[in-house]
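Engineer: What follows is a single structure, and I will ask about it in a moment.
Residue numbers (my numbering): 12 to 195.
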């Protein structure tokens, strides 16, 4: 098994491409070993000292490290954990994966549908290239709330991505959108 790695705009994260399907659908974001309880793959990666986050998507795994640890020391252990997982035959996750966007009911449902469509067709594929995901969290009084995951969470360029990229895109196509804000 050959696992490729790619750097991301976030220096604390690295994208691992195992060459096999990681998740059949959705994504899963784990910010602690406790949260990774239903994911044998994330649990195995969290067993590597210095790992602070694991994000699973269709064909990649993004790993976030502690600031005090260097990638050259951590990367071989993470590669080993991913290889061991695939050799075990266990699924990457035994529970439900996130479908992505939060649901939204009410008078703005048509606008929210347009927002989600733009996110799915224009934004999410681009941020997946960088090892992350951005999902819809809410829309209220012209403000779109987005949840950043994987390499996008904590990335130094995430504010620029939100304001100059996503906000401008949404405002261009949907005049009701006035601002985009991140949520934790």
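In this text, a Cβ means the ideal position worked out from N, Cα and C, and glycines have one as well.
Contact defined as beta carbons within less than 8 angstroms: I believe residue 92 pairs with residue 58. What is the distance between those atoms, to the nearest angstrom?
Structural biologist: That pair is a contact at about 7 angstroms.
Engineer: Under 7 angstroms between the Cβ atoms of residue 141 and residue 162?
Structural biologist: Cβ distance < 7 angstroms, so residue 141 and residue 162 count as in contact.
Engineer: Looking only at DSSP bridge pairs, what is residue 157 linked to?
Structural biologist: According to DSSP, residue 157 bridges with 147, 193.
Engineer: Considering only the alpha carbon of each residue, which of 157, 167, 169 lies closest to residue 181?
Structural biologist: For residue 181, the nearest C-alpha among the options comes from 157.
Engineer: Closest to residue 13 by CA distance: which of 178, 124, 97, 174 is it?
Structural biologist: Taking only the C-alpha atoms, the option nearest residue 13 is 97.
Engineer: What does the alpha-carbon distance come out to for the pair residue 45 and residue 39?
Structural biologist: Using only the alpha carbons, I get a separation of about 14 angstroms.
Engineer: So the beta strand (DSSP E) residue 62 belongs to, where does it begin and stop?
Structural biologist: Residue 62 -> beta strand (DSSP E) spans 62-67.
Engineer: Between which two residues does the beta strand (DSSP E) containing residue 134 stretch?
Structural biologist: Element bounds for residue 134: n/a, residue is neither H nor E.
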